[in-house]
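Student: Letter 190 of the sequence shown, counting from 1, is numbered 190 in UniProt numbering, and no numbers are missing.
C-beta: ideal position from N, C-alpha, C; glycine also.
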Amino acid sequence: MMSIKKTILSVAIAIPVCATAQNPIPIVPASVMQRAEMAPLEPKERSAQPSVKSTHTSSTHNMNNSSDVVMSPGVNQIVPIAVGHPNRIVTPFGDPEVVSTSLTYGSGNDECGEICIKDNVIYVATNKDHPVTMFITEKGSEARALSLTMVPRKIPPREMFLKLDDQTRLAGLYSNPKAERWEKSMPYVETIRTVFREIALGEVPQGYSMSSIPEGMAPPVCYHPGIDVTFNDGQVLSGHSLSVFVGVAENVSGKTLEFKESACGNWDVAAVTTWPRKVLEPGQKTEVYVSRKNMNERKAKSSAKRPSLIGGRS
Numbered sequence: 001m002m003s004i005k006k007t008i009l010s011v012a013i014a015i016p017v018c019a020t021a022q023n024p025i026p027i028v029p030a031s032v033m034q035r036a037e038m039a040p041l042e043p044k045e046r047s048a049q050p051s052v053k054s055t056h057t058s059s060t061h062n063m064n065n066s067s068d069v070v071m072s073p074g075v076n077q078i079v080p081i082a083v084g085h086p087n088r089i090v091t092p093f094g095d096p097e098v099v100s101t102s103l104t105y106g107s108g109n110d111e112c113g114e115i116c117i118k119d120n121v122i123y124v125a126t127n128k129d130h131p132v133t134m135f136i137t138e139k140g141s142e143a144r145a146l147s148l149t150m151v152p153r154k155i156p157p158r159e160m161f162l163k164l165d166d167q168t169r170l171a172g173l174y175s176n177p178k179a180e181r182w183e184k185s186m187p188y189v190e191t192i193r194t195v196f197r198e199i200a201l202g203e204v205p206q207g208y209s210m211s212s213i214p215e216g217m218a219p220p221v222c223y224h225p226g227i228d229v230t231f232n233d234g235q236v237l238s239g240h241s242l243s244v245f246v247g248v249a250e251n252v253s254g255k256t257l258e259f260k261e262s263a264c265g266n267w268d269v270a271a272v273t274t275w276p277r278k279v280l281e282p283g284q285k286t287e288v289y290v291s292r293k294n295m296n297e298r299k300a301k302s303s304a305k306r307p308s309l310i311g312g313r314s
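#1: Please specify which runs of the beta strand (DSSP E), each continuous and at least 3 residues long, are wholly inside the stretch 216–275, giving them in chain order.
#2: Using alpha carbons as the reference points, say which of Val-151, Cys-112, Lys-128 lies closest to Met-63.
#3: What span of residues does the alpha helix (DSSP H) with Arg-181 cover, start to end?
#4: Quick check on the burial criterion: 16 or more other C-beta atoms within 10 angstroms. Buried or exposed for Ala-125?
#5: Going straight from the alpha carbon of Gly-113 to that of Asn-127, what length do you get?
#6: Can you list, in chain order, the residues of its chain with a C-beta nearer than 7 Å to that of Tyr-208? Leave out the 5 residues immediately preceding and following it.
#7: Exposed or buried, Ile-310, counting other C-beta atoms within 10 Å across all chains shown (16 or more means buried)?
#8: Could you compute how far the alpha carbon of Lys-278 sits from the alpha carbon of Val-248?
#9: In three-state terms, what does DSSP make of Tyr-289?
#10: Could you work out which residue in Val-121, Asp-129, His-130 is closest to Ile-136 when comparing CA atoms only?
#11: Within 8 Å, do at least three Cβ pairs link the stretch 260–270 to the stretch 193–202?
#12: Quick check: the stretch 147–162 against the stretch 81–97, are there 3 or more CB pairs under 8 Å?
#13: Determine, using beta carbons only, whether Cys-264 and Val-290 come nearer to each other than 7 Å.
#14: Helix, strand or coil for Arg-158, going by three-state DSSP, please let me know.
#15: Mark Arg-292 as exposed unless 16 or more other C-beta atoms lie within 10 angstroms of its C-beta, in which case mark it buried.
#16: Identify, in the order they occur along the chain, each residue of the same chain with its Cβ nearer than 8 Å to the Cβ of Asn-65, setting aside the five sequence neighbours on each side.
#17: Tell me where the beta strand (DSSP E) around Phe-135 begins and ends.
#18: Locate the alpha helix (DSSP H) running through Tyr-188, then write down its first and last residues.
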C-alpha cells in the first residue's frame, strides 16, 4: 500500500515538471489578479450614467432663463415656468391667440383654465410635471407664429417678455387686424389725435405694438436750428396704417425756442407733435412724436408697372 502511494505521489510531482518543460506558463503578477477581481459588471452601469447626465446638461443648456425672450418664427424657445402658480407672458401681439394640445382653456369667456388671455398678456398656470407647448399668433392673422416650450419647475411665478427680432418685426410690422379695426373706427385726423393723446398718457393704442426702433428701420429726420432731435434710444409704436416714432428734443441754444413741427416733415409723415413742452428753455427737453404712414398697402398694390410715354423707365 505504501508503495502505491509513493508511486502516485511521484507521478503527481512529475506531471507539472513535464508540463512546465513543454509549455512554459508565464507568471501573472498579483496586481493583475487583483484588478481582475475588482472589475465586475460595473463599467456597463457607469457607461449608462454619463449619457443621462449629458442629456440633462444639454436640456439645461438650451433653456432660456432670461426675462426677455427674443423670438423668431420657426424657432422654438424653451423656458422654465412655475408649477402650480400663474406665469405672465407679455407678447408682442395686440390680440394674441394660443394653439396648444397640452394646455386647456376655461369653459367660459370670463373663466380661465391653464391658459388665460388678457389684452396682449397670456397667463399660464399648470400642475403638469412635464413640458407643455403652444403656438402664439395674432388673432385673425397667421402671418407670424411664435413657438414656446415651457418646462414646469418648483420656482416662484415668472414674468417673461416675448420680443420679435428685427427682421421679423420688419417683415410683419403692419399685419395687425385689431389695430386696423381700431384705426378705421374713427376719422383719419381723429385717429392721429387719439394716438398722440394715448402715447402722451403713457398708454399703447389698441392693437399697437411697442418696441425699440429696429436696426433695419430708418427713423425720422428732424432739422431744427438750436434744437437737437434724436431717435437713437427712441421707441416705435406700430399699428396698421400708422407708426409713431418717439424721440427726444433738447434746446442746445442759449435762448428760448419754440419747436416747429415742420422741421420733421417728410413725404410719408402724417403728423408731428411734442409733449409735454412746445416752448423750450435752454437745456430743456421734451418728447417728439412723429406719426408716419405705413406703406405696406401701397407696396402691395404697386406690383403692376405703367410704361413711361417718354422713355427712360421700364
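Tutor: Once the coordinates are examined:
#1: Fully enclosed beta strand (DSSP E) runs of 3 or longer: 227–238, 242–251, 269–275.
#2: Ranked by Cα distance from Met-63, the options Val-151, Cys-112, Lys-128 are led by Val-151.
#3: Its alpha helix (DSSP H) spans residues 177–183.
#4: With a 10 Å radius around the Cβ and a threshold of 16 neighbouring Cβ atoms, Ala-125 comes out buried.
#5: Their Cα atoms are separated by approximately 11 Å.
#6: Gly-94, Ala-179, Leu-237, Ser-238, Gly-239.
#7: Classification for Ile-310: exposed.
#8: Those two C-alpha atoms are separated by around 12 Å.
#9: Tyr-289 falls in the strand class under three-state DSSP.
#10: It is Val-121 whose Cα lies nearest to the Cα of Ile-136.
#11: Not touching, per the Cβ criterion.
#12: Two segments are said to touch when three or more pairs of C-beta atoms, one from each, lie closer than 8 Å; by this definition the stretch 147–162 touches the stretch 81–97.
#13: It is a contact, given that the beta carbons lie within the stated cut-off.
#14: In the structure shown, Arg-158 adopts coil according to DSSP, grouped into three states.
#15: By the 10 Å Cβ count, Arg-292 comes out buried.
#16: Correct list, in chain order: Val-79, Pro-80.
#17: Per DSSP, the unbroken beta strand (DSSP E) holding Phe-135 starts and ends at 132–138.
#18: That run of the alpha helix (DSSP H) goes 188–200.
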